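Participant: The structure follows.
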Amino acid sequence: MPVIDAKKTSSEANAAARRVCFSACAPSVRLGIAAVLLPVCVLIVGCGGEKNPDSRPKQSARRMQLTGGWYDEYEKERKSRRLNPEDRVLITKPRECLIAAKDALNKKNYERAYDLANYVLKTEPQNAEAHFIRGAGIFYSAFGEESDAIKDLEKARELGYQSAELFSALAKLYDAKKDYDRAIEAASYGIKVCSDKDLLRCRASLYQAVGKRKEALIDLNSFIELAPDKSMGYYMRANLFQQLGRDEDALRDLAVCNTKNPDSTIALTERSKLFLKLGRFEEALAEISKVADYDKSDDDAVRLRGDIYARINQNERAISDYTLAISMSPEYARAALEARAKLYAKLGKRDLAAQDLSEASKLKAKPAEKPVYDLKW
3 MPVIDAKKTS SEANAAARRV CFSACAPSVR LGIAAVLLPV CVLIVGCGGE
53 KNPDSRPKQS ARRMQLTGGW YDEYEKERKS RRLNPEDRVL ITKPRECLIA
103 AKDALNKKNY ERAYDLANYV LKTEPQNAEA HFIRGAGIFY SAFGEESDAI
153 KDLEKARELG YQSAELFSAL AKLYDAKKDY DRAIEAASYG IKVCSDKDLL
203 RCRASLYQAV GKRKEALIDL NSFIELAPDK SMGYYMRANL FQQLGRDEDA
253 LRDLAVCNTK NPDSTIALTE RSKLFLKLGR FEEALAEISK VADYDKSDDD
303 AVRLRGDIYA RINQNERAIS DYTLAISMSP EYARAALEAR AKLYAKLGKR
353 DLAAQDLSEA SKLKAKPAEK PVYDLKW
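Going by our numbering, the sequence shown opens with residue 3, and the numbers climb by one from there.
See the structure below:
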């Protein structure tokens with residue numbers, strides 16, 4: 003099964019494959035194009051470091067909206083903490099402080115990494131690695147402004163710091179700002195100086211975003227050649243093949259993807275959707291039934307199976323699946339309610355159809371589907 007990492011709403015679903023693939027380039031919670039893969043709220047509580055709110059980056063209004071009520075409690079708890087004895091010694095020794103900051107970043111204690119790097123920069127403002135760590139601390143976490151992360155990361159780059167992580171972070175940050183030229187430049191430069199295969203995947207995602215499908219395919223082919231066991235490359239290329247109208251190639255890549263990562267149902271679901279689009283109903287039904295049987299909690303798979311039954315006029319089975327999907331996840335049942343209403347209307351059961359549409363209308367403010375989750379393949 004896919005690893006659950008972050009949510010996005012159905013309004014972003016058309017770009018989902020590109021975003022989730024791009025998000026896998028680094029373990030960031032900042033995702034590109036109206037998202038990544040995507041609202042991401044990861045609460046990572048660090049320890050140590052001065053907690054003066056006036057000296058820390060302010061949370062953006064957008065992220066405040068995304069993170070919701072937990073942020074206030076998080077800030078209250080964070081501000082209540084003080085420097086521990088170890089940190090009081092560290093901040094007087096820039097070299098040791100930098101080592102501790104790097105260790106905190108590696109351990110995903112991003113706030114502590116930010117704090118310690120910040121102390122280093124007070125005495126060594128031209129320390130490239132400290133700029134990188136401070137920028138990465140913002141980039142990976144739920145606090146701070148993206149613009150501050152960019153400033154630090156670009157400063158680190160200007161001072162000669164080079165790493166695949168740096169260029170991946172810059173590419174994602176520019177992607178989030180829809181500055182695709184700079185995002186592609188950052189990824190391209192990283193590929194040149196770091197020879198990192200994951201940056202090929204990042205750049206392919208960016209090329210797709212700007213319609214450069216030929217260039218995206220070249221990068222994905224290169225990535226798959228360098229990492230033939232990574233299922234994400236096949237998944238991304240399958241998505242691109244569909245955009246290019248190469249449906250058989252897409253089906254083939256999705257099959258390989260499933261072979262490489264048999265515990266994930268995403269490739270099977272995508273194959274089912276593509277078979278349904280092509281009118282190959284028996285194959286569509288076979289694939290989605292595997293998903294529904296494997297994951298008894300996947301209401302989206304049950305609803306999709308209902309759609310397939312509806313297309314082949316097995317109406318009772320379709321209604322049964324829609325009803326099951328609604329009961330499994332009532333808060334995300336709008337799509338299933340609307341589908342069942344449509345089928346009821348077709349069968350002349352207008353009262354039941356009206357009832358379903360009424361219930362669906364109450365869910366208009368909520369996503370039509372359950373959130374789509376990131377992949378870590």
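In this text, a Cβ means the ideal position worked out from N, Cα and C, and glycines have one as well. Since this is a predicted model, take the numbers as computed values, not measurements.
So, S274 versus I290, is the Cβ gap smaller than 8 angstroms?
Facilitator: Yes; because the gap between Cβ atoms is below 8 angstroms, this pair is in contact.
Participant: How would you call S170, buried or exposed, if buried means at least 16 neighbouring beta carbons within 10 angstroms?
Facilitator: S170 comes out buried.
Participant: Put R58 into one of helix, strand or coil per three-state DSSP.
Facilitator: Below a pLDDT of 50, predicted positions are generally treated as unreliable, and R58, at 39, falls in that range; no measurement from the model is reported.
Participant: Can you give the Cα-Cα distance for E361 and E318, rounded to whole angstroms?
Facilitator: Approximately 21 angstroms, taken between the alpha carbons.
Participant: Under the assumption that L246 contacts L276 (Cβ atoms under 8 angstroms), give the Cβ distance between them as a whole number of angstroms.
Facilitator: Not quite, the Cβ-Cβ distance comes to about 13 angstroms (not below 8 angstroms), so this is no contact.
Participant: To the nearest angstrom, report how far apart F283 and Y296 are at their CA atoms.
Facilitator: Those two C-alpha atoms are separated by around 20 angstroms.
Participant: Roughly how many angstroms separate the alpha carbons of C204 and A188, rounded to a whole number?
Facilitator: If I take the Cα positions, the gap works out to 10 angstroms.
Participant: Could you check where the alpha helix (DSSP H) with I268 kicks off and where it finishes?
Facilitator: Run containing I268: I268 to K279, per the alpha helix (DSSP H) assignment.
Participant: Per DSSP, what kind of secondary structure is A263 in: helix, strand or coil?
Facilitator: The sequence given here places Asn at residue 263; Ala does not occur at that position. Note: N263 maps to coil in three-state DSSP.
Participant: Quick check: the Cα distance between E131 and L107, rounded to an integer number of angstroms?
Facilitator: Taking the straight line from one Cα to the other gives about 12 angstroms.
Participant: Using CA coordinates, which residue listed in L280, E126 and K110 is at the minimum distance from A144?
Facilitator: Of the candidates L280, E126 and K110, the one whose C-alpha sits nearest the C-alpha of A144 is K110.
Participant: Let me check understanding here. Comparing Cα to Cα, which of Q164, A343 and Y334 lies closest to Q357?
Facilitator: Ranking Q164, A343 and Y334 by Cα distance to Q357 puts A343 first.
Participant: Taking 7 angstroms as the limit between beta carbons, can you name the residues of its chain near D231, skipping five residues before and five after?
Facilitator: The answer, listed in chain order, is K262.
Participant: What is the rounded straight-line gap between the Cα of A115 and the Cα of C259?
Facilitator: Each residue's Cα considered, the two are about 36 angstroms apart.
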